[in-house]
Amino acid sequence: MAHFAYHLMGGQLSPLLPSIRKEFGLDYTQTGFMLAALNLTMGLANLPAGWLADRVGRRLLITITISGVGLVGLLIGFAQSYWMMVALLVMFGAVGGGYHVSASPLIAASTEPKKQGSALGLHMIGGTGSLLIAPLAAVSIAAVWGWRGPYVALSIPIIIFGLVFYVLLGRRLGATKKNETVIAGVGETERLTNSDGEPITTPTRWRVLVPFVVLSVLSGALLWTPVAFLPLFLVDKFGASQIAVGVFVSIVSLGGFLSGPFGGYLSDRFGQVK
Numbered sequence: 154m155a156h157f158a159y160h161l162m163g164g165q166l167s168p169l170l171p172s173i174r175k176e177f178g179l180d181y182t183q184t185g186f187m188l189a190a191l192n193l194t195m196g197l198a199n200l201p202a203g204w205l206a207d208r209v210g211r212r213l214l215i216t217i218t219i220s221g222v223g224l225v226g227l228l229i230g231f232a233q234s235y236w237m238m239v240a241l242l243v244m245f246g247a248v249g250g251g252y253h254v255s256a257s258p259l260i261a262a263s264t265e266p267k268k269q270g271s272a273l274g275l276h277m278i279g280g281t282g283s284l285l286i287a288p289l290a291a292v293s294i295a296a297v298w299g300w301r302g303p304y305v306a307l308s309i310p311i312i313i314f315g316l317v318f319y320v321l322l323g324r325r326l327g328a329t330k331k332n333e334t335v336i337a338g339v340g341e342t343e344r345l346t347n348s349d350g351e352p353i354t355t356p357t358r359w360r361v362l363v364p365f366v367v368l369s370v371l372s373g374a375l376l377w378t379p380v381a382f383l384p385l386f387l388v389d390k391f392g393a394s395q396i397a398v399g400v401f402v403s404i405v406s407l408g409g410f411l412s413g414p415f416g417g418y419l420s421d422r423f424g425q426v427k
């Protein structure tokens, strides 16, 4: 549910681009700059967010991220100019960078090693499911209240959910206090220690990490760059309606919705990178 709420706000931008472009009189370059402001900021924000998660706790950072994107999304609904929109998207990216760096380790630490792949795969359903539903919800609301409507209408529930999630996760942590491994993985600042009370550290495997990051960046750029402009292409070349745009954008996420759990199963079945 946390993953669903997190992506519900961000998943609205793409299908609403034709309406936003029309209101602010944007060309493709300006639209691309607006998208880059969001995505580059969110990518770079992962680095300080990871550091922050180790110090304030993943539970708190996830709450700040979910409620934060809801709050910034509400402000986006009242943006009065292109540059105000860009500034708010930068804020959105900065706040939104804290979710994945907190959620994935939390899930891994809370799950048996042989089931971690499946757990992360199920977690992906929340994100891809949100990206499946968000475009449909956005264009449906926008058909009545304009492109600002979805940001205003969906932001309040997301802000509230972030606060409720903090309380619910806190209760779950309290109920599992006997399991020190789980608490160390998802608590506020606790760390695993050995019999002498010294922190247990795992050496960073740069030979695996660096190629993985490079491949992730390249594959993400190749896939999501054309997808980001799909709504404008559909409108400009085919005269697609707002509803049709939402449907097409939603379909793009269908593959991830199905492949995430399957990929997690394969990870548990055949192993991960050694």
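The C-terminal position of the sequence shown is numbered 427 in my numbering, with every residue numbered one higher than the one before it.
The beta carbon of each residue, even a glycine, is placed where N, CA and C say it ideally should be.
In the DSSP annotation of this structure, the continuous segment of the alpha helix (DSSP H) that includes Asp-389 starts and ends at 383–391.
Every unbroken stretch of the alpha helix (DSSP H) spanning 4 or more residues and falling wholly within the segment 262–315 is given here in chain order: 269–298. With a contact defined as Cβ atoms closer than 8 Å, Ile-215 and Ala-155 qualify at about 6 Å. For Phe-231, the three-state secondary structure derived from DSSP is coil. With fewer than 16 neighbouring CB atoms inside 10 Å of its own CB, Leu-376 falls in the exposed class. The C-beta distance from Ile-219 to Phe-318 rounds to 6 Å, short enough to fall under 8 Å.
In the displayed model, Arg-358 falls within coil according to three-state DSSP, outside both helix and strand.
Per DSSP, reduced to three states, the secondary structure at Met-154 is coil, with no helix or strand assignment.
The continuous alpha helix (DSSP H) containing Asp-207 extends over residues 181–209.
Counting C-beta atoms within 10 angstroms of its own C-beta, Pro-364 has fewer than 16 neighbours from the protein chains shown and is therefore classed as exposed. Taking a contact to require three or more Cβ pairs closer than 8 Å, the segment 228–248 and the segment 188–202 qualify as touching. Going by C-alpha positions, Ala-381 is about 29 Å away from Leu-419. Excluding the 5 residues flanking it on each side, Val-292 has same chain C-beta neighbours closer than 6 Å at Pro-168, Gln-395, Ile-396 and Gly-399, in chain order. Here Pro-288 is near Val-402, since their CB atoms are less than 8 Å apart. The residues Ile-260 and Thr-264, in chain order, have a CB closer than 6 Å to that of Ala-272 in the same chain once the five nearest residues on each side in sequence are set aside. In the three-state reduction of the DSSP assignment, Ser-255 falls in the helix class. The three-state reading of DSSP puts Gly-250 in coil, since its state is none of H, G, I, E or B. Here the alpha carbons of Gly-221 and Phe-177 stand approximately 25 Å from one another. Secondary structure of Ser-403 (DSSP, three-state): helix.
One Cα belongs to Gly-274, the other to Gly-392, and the distance between them is close to 37 Å. In the DSSP assignment, Ser-394 falls outside any alpha helix (DSSP H), carrying neither H nor E. Nearest neighbour of Leu-285 by Cα position, chosen from Arg-358, Ser-406, Phe-415 and Gly-323, turns out to be Ser-406. Annotation for Ser-308: Gly-223, Gly-226 and Leu-227 place their beta carbon closer than 6 Å to its own, counting only its chain and skipping 5 residues before and after. Note on Pro-379: under 16 other CB atoms within 10 angstroms of its CB, so exposed under the neighbour-count rule.
Between the alpha carbons of Ile-217 and Pro-384 lies a gap of roughly 30 Å.
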